[in-house]
Ligand SMILES: Nc1nc2c(ncn2[C@@H]2O[C@H](COP(=O)(O)OP(=O)(O)O)[C@@H](O)[C@H]2O)c(=O)[nH]1
Ligand SMILES: [Mg+2]
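In my numbering, the protein residues as written are 7 to 359.
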C-alpha cells in the first residue's frame, strides 16, 4: 500500500474515532456527593452541588465536547423506583463506565446493583468504581480510621459477595483519594478511543496527565495534517506550500483545549511571558492571521524541496505534500509549547492549591 493510502486510511480511522461516544454513569443516593466527585475529576462544574435530587425522576445528562456524556441517574430503592424497576427503566447496562458513590450504610438493593455491575463488567467490559465519599466524616470515638474503613469494606464485600473489589475512599472537601481514582479510571479496561476522551476532558493535575494528553494530541496530528493538506486552499506567499488555514487554527484550538489552556490560564500566566517564550507563542497563534505569520516565519525551515524529494506521495501536488509535513511539524511544536504552558500552570497554580 502506498504512503498516500496509509495516510488516508489513518485519517478516516481518526475521523470515525471522533464520532465515538462515551458515557459515564453516576449512581448512588442523593447527597452522597456524585456531583461533587465528577466536578473534581473533570476540574470544573458539570453538575451543581447540593441540589436536592430526591425529586429527580429522570436522568440528567451533560454532553461535553469530544462526545463525552456524564449521566446522573436517579436513586433507586425508593417507593418510586424499586431496584428492579429502576434497572428496567434506565437500562444502565448501556453506559461505558460507572461511578457508584455512597456515604453511609449500604442496602439490600445495593447488592442487586452490585450483581449487575459485575455482570456488565464481565460481559460488556464496562468498568465500575465503588467510591466511599466524605471520608473526612468517617470518625468514631473508639475506633481509628483504618478500623472504620475495614468495616466499610466488609459491608461492601458482603453485599458484593466477594472480597476482591477495591473501594476508593475520597473526600471532595479535603481533596483526597481523587487522584488515585482518576489514575485507575485511566488505567481501566475501557477501550483506548473511549479512554482518550476522558483524558482529553479531565483536568490535568499531574505530569502523568500532561503526558497522556500529549499522546492523544500526537495521535491526532495526521488527522489534521491530512485534512489540511488534502484540502489545500490557502497558498502561503513566499513558501511553496498550500494548506487549509482553518484546519490549522482548529488543530491549535483543540491542542489548547486538550491541555486545558483557556483565558483563565492566559491571565494567570501573563507575567511569565518574558521568561517562557512558549506562553507568548501559544496565545499568539489563535487566529488565521497569526497562523499565516507563523507559517511565513517557520515555513521555509520546515518545508524544503529536499524533504519532498525523498518522501514523495503519489498523486499529491508538491504544495500539498509540503502542506502535510508543515502541518505536522507545526502541530508537534505547538503541542510542545502547550505542554510547557500547561506544566507552568500546573506547577504554579494547580499543585499549590
Ligand atoms: N464533608 C463532605 N461533604 C461533601 C463531600 N462531598 C460532597 N459533600 C457535600 O454533600 C452535599 C451533597 O453533595 P452533591 O455532590 O450535591 O451530592 P449528590 O446529590 O450525590 O450529587 C453537598 O452539600 C456537598 O458539599 C465530602 O467529601 N465531604
Ligand atoms: Mg447531584
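Backbone N, C-alpha and C define an ideal beta-carbon position, used for all residues, glycine too.
What you are looking at is a predicted structure, and each value in this text was computed from that prediction instead of being measured.
Which residue from the options puts its Cα closest to that of residue i?
{"i": "residue 6", "options": "231, 73, 154 and 70", "result": "Since the first residue shown for the chain is 7 and the last is 359, residue 6 is missing from the structure and cannot be characterised."}
{"i": "residue 180", "options": "10, 46, 350 and 265", "result": "46"}
{"i": "residue 51", "options": "328, 178 and 137", "result": "178"}
{"i": "residue 166", "options": "113, 257 and 42", "result": "113"}
{"i": "residue 131", "options": "100, 146 and 70", "result": "100"}
{"i": "residue 140", "options": "279, 42, 194 and 90", "result": "42"}
{"i": "residue 290", "options": "281, 255, 157 and 123", "result": "255"}
{"i": "residue 332", "options": "197, 186 and 227", "result": "227"}
{"i": "residue 163", "options": "270, 120 and 74", "result": "120"}
{"i": "residue 257", "options": "293, 286, 275 and 274", "result": "293"}
{"i": "residue 67", "options": "275, 78 and 73", "result": "78"}
{"i": "residue 251", "options": "263, 236 and 265", "result": "236"}
{"i": "residue 57", "options": "36, 75 and 65", "result": "36"}
{"i": "residue 74", "options": "44, 109 and 142", "result": "44"}
{"i": "residue 348", "options": "303, 91, 149 and 278", "result": "278"}
{"i": "residue 273", "options": "335, 334, 354 and 342", "result": "354"}
{"i": "residue 197", "options": "262, 157 and 127", "result": "127"}
{"i": "residue 192", "options": "295, 155, 133 and 263", "result": "133"}
{"i": "residue 105", "options": "176, 328, 142 and 55", "result": "176"}
Is DSSP giving residue i helix, strand or coil here?
{"i": "residue 2", "result": "Residue 2 lies beyond the residue range present for the chain, which begins at 7 and ends at 359; the question has no answer from this structure."}
{"i": "residue 211", "result": "coil"}
{"i": "residue 292", "result": "coil"}
{"i": "residue 10", "result": "helix"}
{"i": "residue 278", "result": "helix"}
{"i": "residue 144", "result": "coil"}
{"i": "residue 177", "result": "strand"}
{"i": "residue 102", "result": "coil"}
{"i": "residue 200", "result": "helix"}
{"i": "residue 111", "result": "coil"}
{"i": "residue 273", "result": "helix"}
{"i": "residue 67", "result": "strand"}
{"i": "residue 53", "result": "coil"}
{"i": "residue 32", "result": "strand"}
{"i": "residue 120", "result": "helix"}
{"i": "residue 84", "result": "coil"}
{"i": "residue 250", "result": "coil"}
{"i": "residue 79", "result": "coil"}
{"i": "residue 267", "result": "coil"}
{"i": "residue 26", "result": "coil"}
{"i": "residue 355", "result": "helix"}
{"i": "residue 169", "result": "coil"}
What whole-angstrom Cβ distance do residue i and residue j have, given they're in contact under 8 Å?
{"i": "residue 21", "j": "residue 229", "result": "7 Å"}
{"i": "residue 118", "j": "residue 40", "result": "About 19 Å separates the two Cβ atoms, so there is no contact after all."}
{"i": "residue 111", "j": "residue 161", "result": "7 Å"}
{"i": "residue 352", "j": "residue 216", "result": "7 Å"}
{"i": "residue 49", "j": "residue 208", "result": "7 Å"}
{"i": "residue 123", "j": "residue 76", "result": "Rounded, the Cβ-Cβ distance is 18 Å, inconsistent with contact."}
Only counting the same chain, and skipping five residues up and downstream in sequence, which positions put a Cβ closer than 7 Å to that of residue i?
{"i": "residue 63", "result": "80 and 86"}
{"i": "residue 200", "result": "26, 28 and 102"}
{"i": "residue 83", "result": "89, 113 and 115"}
{"i": "residue 282", "result": "346 and 350"}
{"i": "residue 151", "result": "144"}
{"i": "residue 23", "result": "199"}
Do you know how far the Cα of residue j is from the Cα of residue i?
{"i": "residue 221", "j": "residue 350", "result": "18 Å"}
{"i": "residue 135", "j": "residue 260", "result": "29 Å"}
{"i": "residue 268", "j": "residue 53", "result": "20 Å"}
{"i": "residue 97", "j": "residue 71", "result": "24 Å"}
{"i": "residue 326", "j": "residue 171", "result": "54 Å"}
{"i": "residue 206", "j": "residue 218", "result": "9 Å"}
{"i": "residue 356", "j": "residue 11", "result": "43 Å"}
{"i": "residue 265", "j": "residue 284", "result": "14 Å"}
{"i": "residue 287", "j": "residue 211", "result": "23 Å"}
{"i": "residue 125", "j": "residue 275", "result": "48 Å"}
{"i": "residue 95", "j": "residue 301", "result": "55 Å"}
{"i": "residue 337", "j": "residue 303", "result": "15 Å"}
{"i": "residue 342", "j": "residue 194", "result": "27 Å"}
{"i": "residue 129", "j": "residue 168", "result": "18 Å"}
{"i": "residue 334", "j": "residue 157", "result": "55 Å"}
{"i": "residue 148", "j": "residue 38", "result": "25 Å"}
{"i": "residue 55", "j": "residue 295", "result": "42 Å"}
From the beta carbon of residue i, is the nearest beta carbon of chain B less than 7 Å away?
{"i": "residue 343", "result": "Here chain B cannot be found, since the structure has a single protein chain."}
Whose C-beta lies closer than 8 Å to the C-beta of residue i among residues of the same chain, with five residues either side of it excluded?
{"i": "residue 174", "result": "135, 136, 137, 138, 183, 186, 187 and 190"}
{"i": "residue 233", "result": "17, 250 and 253"}
{"i": "residue 214", "result": "189"}
Ignore the nearest five residues each way along the sequence and tell me which others in residue i's own chain have a CB closer than 6 Å to its CB.
{"i": "residue 153", "result": "none"}
{"i": "residue 159", "result": "173"}
{"i": "residue 69", "result": "75"}
Does any heavy atom of ligand 3 sit closer than 6 Å to the C-beta of residue i?
{"i": "residue 41", "result": "Although ligand 3 was asked about, the structure shown includes only ligand 1 and ligand 2 as ligands."}
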